[in-house]
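Colleague: Residue numbers (my numbering), protein chains in the order written: chain C, 1 to 153; chain E, 154 to 946.
The C-beta atom is built at its ideal place from N, Cα and C for all residues, glycine as well.
(1) Could you tell me the alpha carbon to alpha carbon distance between residue 222(E) and residue 244(E), rounded to whole angstroms?
(2) At what residues does the beta strand (DSSP E) containing residue 330(E) begin and finish?
(3) Taking contact to mean 3 or more Cβ pairs, one atom from each stretch, closer than 8 Å, check whether the segment 97-110 of chain C and the segment 135-147 of chain C are in contact.
(4) Extract the residue ranges of the alpha helix (DSSP H) inside the segment 20-95 of chain C, only unbroken runs of 4 or more that lie entirely within it.
(5) Give a yes or no on whether 9 Å exceeds the smallest Cβ distance from residue 338(E) to chain C.
(6) Would you tell me roughly how many angstroms separate the C-alpha atoms of residue 811(E) and residue 389(E), rounded to the nearest one?
(7) If the cut-off is 8 Å on Cβ atoms, which residues from the segment 403-422 of chain E count as contacting chain C, listed in chain order?
(8) Of all Cβ atoms in chain C, is any one closer than 9 Å to the Cβ of residue 267(E)?
(9) Report the start-end ranges of each alpha helix (DSSP H) in the segment 203-253 of chain E that is 4 residues or longer and not cut off at the edges.
(10) Answer with yes or no whether the minimum CB distance from residue 626(E) to chain C is below 9 Å.
(11) Under 9 Å between the Cβ atoms of residue 523(E) and residue 776(E)?
(12) Residue 337(E) to residue 487(E), Cα distance in whole Å?
(13) Taking the alpha carbon of residue 201(C) as the point to measure from, which residue in 54(C), 122(C) and 121(C) has its own alpha carbon closest?
(14) Would you say the beta carbon of residue 119(C) is closer than 8 Å to some non-hydrogen atom of the ligand GDP?
(15) Jot down the residue ranges of each uninterrupted alpha helix (DSSP H) in the segment 458-501 of chain E, minimum 4 residues, whole runs only, in chain order.
(16) Hey, would you say residue 656(E) sits closer than 9 Å to residue 93(C), going by beta carbons?
(17) Can you give the beta carbon distance from residue 773(E) to residue 585(E), rounded, assuming they're within the 8 Å contact cut?
(18) Return the CA-CA distance between residue 285(E) and residue 590(E), expressed in angstroms with no decimal places.
(19) Below 9 Å between beta carbons is the criterion; list the residues of the segment 125-147 of chain C that meet it against any residue of chain E, in chain order.
(20) Given residue 296(E), which residues of its chain have a CB within under 6 Å of its CB, disregarding the five upstream and five downstream residues?
(21) Excluding sequence positions up to five away, which residues of its chain have a Cβ less than 6 Å from the Cβ of residue 904(E)?
(22) Cutting at 7 Å between CB atoms, please list the residues of its own chain near residue 551(E), excluding the five before and the five after it.
(23) Kindly say whether residue 389(E), judged by its beta-carbon, lies nearer than 9 Å to any beta-carbon of chain C.
(24) Assuming residue 177(E) contacts residue 101(C) under a Cβ cut-off of 8 Å, what Cβ separation, rounded to an integer in Å, is found between them?
(25) Closer than 8 Å by C-beta to residue 819(E): which residues in its own chain qualify, once you throw out the five before and the five after it? Chain order, please.
(26) Would you identify the three-state DSSP class for residue 347(E), choosing helix, strand or coil?
(27) Quick check on this structure: which residue in 822(E), 734(E), 692(E) and 863(E) has the alpha carbon closest to the alpha carbon of residue 616(E)?
(28) Taking buried to mean at least 16 other C-beta atoms within 10 Å of its own C-beta, is residue 120(C) buried or exposed?
(29) Is the CB-CB distance between residue 511(E) and residue 495(E) below 9 Å?
(30) At a Cβ threshold of 9 Å, is residue 732(E) touching chain C?
(31) Using a cut-off of 7 Å between C-beta atoms, extract the partners of residue 850(E) located in chain C.
(32) How big is the Cα-Cα spacing for residue 135(E) and residue 711(E)?
(33) Below 7 Å on C-beta distance, what does residue 46(C) contact in chain E?
(34) Quick one: which chain C residues come within Cβ less than 8 Å of residue 430(E)?
(35) Please list, in chain order, all residues of the same chain as residue 455(E) whose beta carbon is under 6 Å from its beta carbon, the five residues on each side excluded.
(36) Quick one, which of 328(E), 816(E), 859(E) and 594(E) has its alpha-carbon nearest residue 453(E)'s?
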């Protein structure tokens, strides 16, 4: 069954006519062509599809858009403002924190939520916050370095 | 002035901004108008004849556009020419649970999935072989009718020099058995491909592949259409690690469905399908006998390996030889024997994973050395440090060593970790272990035998100063596209903003064999330098005319060409380009790289040679809880000899990633089966290290430029994984005095060994023996004249 759903994605109000059982991940990627949000398992296990909903990390593969009307959804495409990279994006680039870059969007958003709530986390607190985001390339070291470079000391 | 402008700088990758903004187009991000979605039906049995497949109901389902089976894809292929045992979809029989036997193209994935349920398959179950022992004890029909005999895919035996004499001259001889469990790549990106067959009878396949050239060759064969009508575009790979090096059934099925329907067809594997697609680390059972003198010098080694290959050949012949090839490149070994066996089993096929066939024997060798050192009362540092291979020498099995900075690696790691102060001196439960490793900077021979270059780079200069660079290499996240830009920009003396890159497209780019065997930086880098040097010569000549100076007085740096004695006398790069174009016509140059002929004069010598070897030394400190068996890794120190770091930031990233992956294998990762079913085909159940299990890693880059490498560079992508599992095993022994001769080292195994110790039995968990296999009479090989000699006492 399809339905017209109104979503707020990256500060843009978007109407989408879509099947109500489709996940937020599917609607973002397939209906809205926002392919920056990735999938690694579609079972809530890898963290690759993380987006922010009202500032909180949400696994978009487990979320239904119909429940998110009226809430602010932020994807990786919305992180840079007016062509300026978000400081986390710049730090990930400068520190070599994105190798293949496939887990990167989910990790950036998880890190943004952490820093928004808690501007000066310790390295161990960063580890805790990222424990649900798998990365196979980096050994996490450069990711932790990049987030440390952005945190308020 | 610094020696280089770009080489050696910790620069962001050229594609970093695309990666952090989500703009990088991975295969599943692509879509085309009227695109269909494909799904695969996997075999339900581990080994079964496919007596009949009825697709009538599936084809009739509204929304289904085409259904194909093995009958549509009968041509056999395989990555190794002597091992052609795959078809796009299984035809005669299914050989493992999940083996693709049919494919559906439909208007959406849900319809395709519903259609799979409507396909009726009549199976005739055959005896399933699920372990090395079962495969060898073949009671019914073998899995393939190819291979060496029955279920034995490959049986090799090679003897170099006189191991018997070596053992007889030894003061101490011991043999040990080890097991290294299989594990899988677990790329976060699931394999995906998009096929498009256009009205002009041309097929384009975008695919998440590390090896677009091999996919090009094999897809052409599997579909029976000429390579000239097939275009492969390797999309940026979202994690490879060796897992995307074969041609896969899903790629062939998508291409075939696109040809039948005339519409674009996309296929993306589910995570469960990725686990069953596999091609990962072989489970290897090993037996190693080593003879040493009192000083720890090795007099002879005999190594036997037994590989559980899974259902296909894949890279398995190479994997088999690799389990015996690189034992000799770290410490002097004057006599060596290798027996290797690979069997087919009814499980997902194994293949190459980071380190390809060498982490398993490296684990065995380095743990056994630790045991030998203890028996002889030697330090684990000294037994290694005193017997390193010489630079500019050969090994007994004819491998050419150029540079080897393992001495410096060991010294730096021992110092940084405080190994000598800690080993055997930490409190019970706490321990430190040491190990070394070495890996190829690119395989010396291609997968299919030929005399052609392994890589080529084309550069075209634009009148506006743009430098367009073309190469078939595929970036899998390691930064190879960036390395291409760095090398060309450095030689031409321009900034990276001048460089435009076109890569991994068989229509547009000259061939590179692919991102495997740690070959790209070394080989592509040399080709890029060669191409850039040709153009630089023309530019210097043009500038010499303009400045009325001899060419020898000029240098190209900083976007201009200038007189080295008087930098005010200069011409901008683009003006030199224009002048040279006026003189010579379009400015296009090619560079190629073919490794020197390094293979020894014997059958089986093709696996192991490399133009240069990287070296690593690693120390791991652990805290083992004797109550729970839990291992907490406190810290890892690693020194890696990469010749020269083209970009130290990326080299560190490769080293840290390799250490992490080795640690995952050592502690928890297992591709294991409950009979024919994968035990953990999900990312929740297949345990891999998160941020919480990955310790701090102290990385020491050791630079001793290799004369054959681009700017002296050797590899960094695979070697650093190798010493991690044995260093961890040795650390666990140092902590609680038990030997876990088996990977992964789980808490259960630690507790079991501690229990045995309490009972006064041998405090060891590991394999008890090896299968009773008669290896063929070995091929005897005269050691290379430059190899270490067995000195008479």
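Modeller: Looking at the atomic coordinates:
(1) Indexing the second chain from 1 puts residue 222(E) at position 69. Indexing the second chain from 1 puts residue 244(E) at position 91. Rounded to whole angstroms, the separation of the alpha carbons of residue 244(E) and residue 222(E) is 7 Å.
(2) Counting from 1 along the second chain, the entry for residue 330(E) is found at position 177. Unbroken beta strand (DSSP E) run through residue 330(E): 325-333.
(3) In short, these stretches touch, since the Cβ pair count reaches three.
(4) Within the segment 20-95 of chain C, the runs of alpha helix (DSSP H) that reach at least 4 residues and sit entirely inside it are, in chain order, 87-94.
(5) Translated into the one-based positions of the second chain, residue 338(E) becomes position 185. True, the Cβ-Cβ gap to chain C drops below 9 Å.
(6) For this step, residue 811(E) is matched to residue 658 along the second chain. For this step, residue 389(E) is matched to residue 236 along the second chain. In this structure, the alpha-carbon of residue 811(E) lies about 20 Å from that of residue 389(E).
(7) Listed by position along the chain: nothing, the set is empty.
(8) The residue labelled residue 267(E) in the question sits at position 114 within the second chain. Closer than 9 Å: no.
(9) Runs of the alpha helix (DSSP H) inside the segment 203-253 of chain E: 209-213.
(10) For the purposes of this step, residue 626(E) is taken as residue 473 along the second chain, with counting starting at 1. No, its Cβ sits nowhere closer than 9 Å to a Cβ of chain C.
(11) Residue 523(E) sits at position 370 when you count from the first residue of the second chain. Residue 776(E) sits at position 623 when you count from the first residue of the second chain. No; because the gap between Cβ atoms is not below 9 Å, this pair is not in contact.
(12) As a first step, residue 337(E) is located in the second chain; it is residue number 184 there, counting from the start. As a first step, residue 487(E) is located in the second chain; it is residue number 334 there, counting from the start. Spanning the two alpha carbons is a distance of roughly 35 Å.
(13) Chain C is shown only over 1 to 153; residue 201(C) falls outside these bounds and no answer can be derived.
(14) For the ligand GDP, the structure offers nothing, since it holds no ligand at all.
(15) Runs found: 469-478.
(16) Numbered from 1 along the second chain, position 503 holds the residue referred to as residue 656(E). Numbered from 1 along the first chain, position 93 holds the residue referred to as residue 93(C). No, the pair does not count as a contact, with Cβ atoms beyond the cut-off.
(17) In the second chain, counting from the first residue as 1, residue 773(E) sits at position 620. In the second chain, counting from the first residue as 1, residue 585(E) sits at position 432. With a Cβ gap of about 7 Å, residue 773(E) and residue 585(E) count as contacting.
(18) Taking the second chain and counting its residues from 1, the one referred to as residue 285(E) is at position 132. Taking the second chain and counting its residues from 1, the one referred to as residue 590(E) is at position 437. Each residue's alpha carbon lies about 27 Å from the other.
(19) Listed in sequence order: 126, 127, 128, 129, 130, 131, 132, 133, 134, 135, 136, 137, 138, 139, 140, 141, 142, 143 and 144.
(20) The residue labelled residue 296(E) in the question sits at position 143 within the second chain. Closer than 6 Å at the Cβ level, and outside the excluded window around residue 296(E), lie 248, 304 and 497.
(21) Position 751 of the second chain, counting from 1, holds the residue named residue 904(E). Closer than 6 Å at Cβ, skipping near neighbours: 782.
(22) Numbered from its first residue, the second chain carries residue 551(E) at position 398. Listed in chain order, the non-local C-beta contacts of residue 551(E) below 7 Å within the same chain comprise 753, 758 and 937, local neighbours out to five positions each way being set aside.
(23) Within the second chain, residue 389(E) is the residue found at index 236, counting from 1. Yes, residue 389(E) lies at the interface with chain C (some Cβ there is under 9 Å from its Cβ).
(24) Here residue 177(E) corresponds to residue number 24 of the second chain, with the count starting at 1. Here residue 101(C) corresponds to residue number 101 of the first chain, with the count starting at 1. The distance from the Cβ of residue 177(E) to that of residue 101(C) is about 5 Å, consistent with a contact at the 8 Å cut-off.
(25) Working through the second chain from its first residue, we reach residue 819(E) at position 666. Excluding sequence neighbours, residue 819(E) sits near 877, 878, 881, 882, 896, 897 and 898.
(26) Start at 1 with the first residue of the second chain, and residue 347(E) comes out as number 194. Strand at residue 347(E).
(27) For the purposes of this step, residue 616(E) is taken as the residue at position 463 of the second chain. Of 822(E), 734(E), 692(E) and 863(E), the residue nearest in Cα terms is 734(E).
(28) Locating residue 120(C) in the first chain gives position 120, counting from the first residue. Answer is exposed; the Cβ neighbour count stays below 16.
(29) As a working note, residue 511(E) is residue 358 in the second chain. As a working note, residue 495(E) is residue 342 in the second chain. The answer is no: Cβ separation not under 9 Å.
(30) Working through the second chain from its first residue, we reach residue 732(E) at position 579. False, the Cβ-Cβ gap to chain C never drops below 9 Å.
(31) Position 697 of the second chain, counted from the start, is the residue given in the question as residue 850(E). Chain C residues near residue 850(E): 139 and 141.
(32) Absent from the structure is residue 135(E), since the part of chain E shown begins at 154 and ends at 946.
(33) On the first chain, position 46 is the one that residue 46(C) refers to. Within 7 Å Cβ-Cβ: 341 and 836.
(34) The count along the second chain starts at 1 and reaches residue 430(E) at position 277. None at all; the shortest Cβ gap to chain C is about 15 Å.
(35) The count along the second chain starts at 1 and reaches residue 455(E) at position 302. Excluding sequence neighbours, residue 455(E) sits near 316, 442 and 490.
(36) Position 300 of the second chain, counted from the first residue, corresponds to residue 453(E). When each option's Cα is compared against that of residue 453(E), the closest is 328(E).
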